[in-house]
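Notes follow once the structure below has been shown.
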Amino acid sequence: MAAVALRSCRRGLSHILSNGGLAALSSLRPEGVSRHKSTVQYASRPDLPKLAYRRVKGKSPGVLFLPGYGSNMNGQKAEALEEFCRSLGHSYLRFDYTGHGASEGVLSEGTIGTWKKDVLYVLDELVEGPQIMVGSSIGGWFMLLAAIARPERTAALVGISTAADHIVTLFNSLPLETRKEFEEKGEWTLPTKHSEEGLYKFNMNFLREAENHCVLQSPIPITCPVRLIHGLKDEDVPWHISMQVAERVLSNDVDVILRRHGQHRMSERDDIKLMVYTIDDLIDKLTTLV
Numbered sequence: 001m002a003a004v005a006l007r008s009c010r011r012g013l014s015h016i017l018s019n020g021g022l023a024a025l026s027s028l029r030p031e032g033v034s035r036h037k038s039t040v041q042y043a044s045r046p047d048l049p050k051l052a053y054r055r056v057k058g059k060s061p062g063v064l065f066l067p068g069y070g071s072n073m074n075g076q077k078a079e080a081l082e083e084f085c086r087s088l089g090h091s092y093l094r095f096d097y098t099g100h101g102a103s104e105g106v107l108s109e110g111t112i113g114t115w116k117k118d119v120l121y122v123l124d125e126l127v128e129g130p131q132i133m134v135g136s137s138i139g140g141w142f143m144l145l146a147a148i149a150r151p152e153r154t155a156a157l158v159g160i161s162t163a164a165d166h167i168v169t170l171f172n173s174l175p176l177e178t179r180k181e182f183e184e185k186g187e188w189t190l191p192t193k194h195s196e197e198g199l200y201k202f203n204m205n206f207l208r209e210a211e212n213h214c215v216l217q218s219p220i221p222i223t224c225p226v227r228l229i230h231g232l233k234d235e236d237v238p239w240h241i242s243m244q245v246a247e248r249v250l251s252n253d254v255d256v257i258l259r260r261h262g263q264h265r266m267s268e269r270d271d272i273k274l275m276v277y278t279i280d281d282l283i284d285k286l287t288t289l290v
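With UniProt numbering, the residue at position 109 of the sequence shown is 109, and numbering never jumps.
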């Protein structure tokens with residue numbers, strides 16, 4: 001599977017770098033240069049928690065960022081993408097899932113189905129036209145679910161450390177006795193360095209519900225361009241999951257990009273450059289086809 005060929009000088013990225021660098025990386029921005037930032041808005045939904053989001057209006061295809069579990073829309077990758085899209089004149093939206101960041105709801109009460117509905121609501125109500133969905137970690141799982149449910153709204157997919165099915169797969173890989181202990185306890189505690197408590201807690205109902213949304217057991221009916229970026233030093237989500245996704249999607253336009261020193265969050269300067277290069281390449285490809 002060939003890695004995507006990155007041109008040395010791209011339309012949007014070269015403009016950003018020559019005008020102060022990526023928003024998330026202050027070291028690339030000259031002193032005294034200010035940047036505009038989208039304001040937080042709230043989407044009210046009947047009988048459902050409000051969703052917080054930031055939006056930049058612009059051309060199609062738009063870019064929609066899906067953060068990871070327990071994360072929010074104010075991370076480095078999300079902010080870098082906003083500046084990139086703004087510079088290029090393309091629409092962009094980032095948001096917080098139910099129970100995350102500035103959105104209403106309780107994280108521990110959410111499910112994969114809950115957050116999938118959040119993404120579908122955003123696609124149906126908050127953005128216009130086809131979107132390049134950029135999913136980070138569990139957001140990569142959500143982008144696949146959303147692309148299956150809304151193929152007409154999906155222009156392309158970019159997965160960053162894609163965690164498709166990962167929670168379910170990880171639990172099922174535990175020794176039988178260990179699983180039984182957690183099932184009797186009613187809760188699975190998973191050590192992590194990405195939480196203040198140092199662990200994630202998942203109840204058994206969460207895991208059973210998540211099984212209904214697994215995508216790697218059969219061909220994935222997605223035919224748009226797909227780009228999957230993963231770090232070989234990812235200690236949270238194995239890089240071979242991105243390879244599994246690449247093997248199962250039906251699209252003929254799929255590239256896997258492995259970063260030798262990349263870690264899970266892929267938030268180093270060169271990681272973010274690669275992400276933006278990849279999205280810029282897709283925008284160029286999609287607009288040229290039109």
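Even for Gly, the Cβ is constructed at its ideal location relative to N, Cα and C.
Extent of the continuous alpha helix (DSSP H) run through D118: 112-121
Would you call L282 buried or exposed, if buried means 16 or more other Cβ atoms sit within 10 Å of its Cβ? buried
Which first and last residues belong to the alpha helix (DSSP H) in which R260 is found? R260 -> no alpha helix (DSSP H), and no H or E assigned at all.
So A246 and V256 are supposed to be a Cβ contact under 8 Å. How far apart are they, rounded? 5 Å
Leaving out the 5 sequence neighbours to the left and right, which residues in its chain are closer than 8 Å to E209 when beta-carbon positions are compared? T111, I112, G113
Secondary structure at D255, three-state DSSP: helix, strand or coil? strand
What's the gap between the Cα of Q131 and the Cα of S44? 22 Å
Using beta-carbon positions only, say whether E82 and V56 come within less than 8 Å of one another. yes
Kindly indicate which residue of A155, K116, E152 has the alpha-carbon position closest to the one of S141. As written in the sequence, residue 141 is Trp, which differs from the Ser given in the question. Comparing Cα-Cα distances from W141 to each of A155, K116, E152, the minimum goes to K116.
Whether or not the stretch 222-229 and the stretch 173-191 are in contact is what I'm after, with contact meaning three or more pairs of Cβ atoms, one per stretch, closer than 8 Å; do they touch? no
In the stretch 213-245, which residue ranges form an unbroken beta strand (DSSP E) of at least 3 residues, counting only runs that do not cross its ends? 226-231
Mind listing, in chain order, the continuous beta strand (DSSP E) runs of no fewer than 3 residues lying wholly within the stretch 22-95? 40-45, 48-56, 59-66, 90-95
Given Q244 as reference, the closest of S91, L190, T169, D47 once Cα atoms are compared: T169
By a C-beta neighbour count over all protein chains shown, 10 Å radius and 16 as the cutoff for buried, is P30 buried or exposed? With a pLDDT of 35 at P30, under the threshold of 50, the modelled position of that residue is not reliable, and the figure given next carries that caveat. With fewer than 16 Cβ atoms within 10 Å of its Cβ, P30 is classed as exposed.
Taking 8 Å as the threshold (C-beta atoms), are C224 and A155 in contact? yes
Report the rounded CA-to-CA distance for V249 versus I167, giving the unit in angstroms. 20 Å
Element boundaries [alpha helix (DSSP H), containing residue 372]: This structure cannot speak to residue 372, because the chain is shown only from 1 to 290.
Taking the alpha helix (DSSP H) that E187 falls in, what are its first and last residues? Counting along the chain, E187 falls outside any alpha helix (DSSP H), though it belongs to the beta strand (DSSP E) covering 187-191.
Taking its Cβ as the centre, do 16 or more other Cβ atoms sit within 10 Å of H213, making it buried, or is it exposed? buried
Can you tell me which of the three DSSP states A210 falls into? helix
Relative to the C-alpha of I138, which candidate in L88, D165, R150 has its C-alpha closest? D165
For the beta strand (DSSP E) that contains T154, what are its first and last residues? 154-160
Report the option in N72, V215, E79 whose CA atom is closest to the CA atom of S38. E79
Would you list the residues sitting across from Y97 in a DSSP beta bridge? Looking at the DSSP assignment, Y97 forms no beta bridge with any residue, so it has no partner.
Around the C-beta of T288, are 16 or more other C-beta atoms found within 10 angstroms, so that it is buried, or is it exposed? exposed
Apart from the five residues just before and just after M143, which ones in its own chain have a Cβ nearer than 6 Å to its Cβ? L66, M133, G135, L157
N172 - partner residues in DSSP beta bridges: According to DSSP, which records beta bridges pairwise, N172 is partnered with nothing at all.
Counterpart residues of G135 in DSSP-defined beta bridges: L66, G159
Taking all protein chains shown into account, decide if K273 is buried (16 or more other Cβ within 10 angstroms of its Cβ) or exposed. buried
Would you mind reading off the limits of the beta strand (DSSP E) that contains L107? From DSSP, L107 is part of no beta strand (DSSP E); its letter is neither H nor E.
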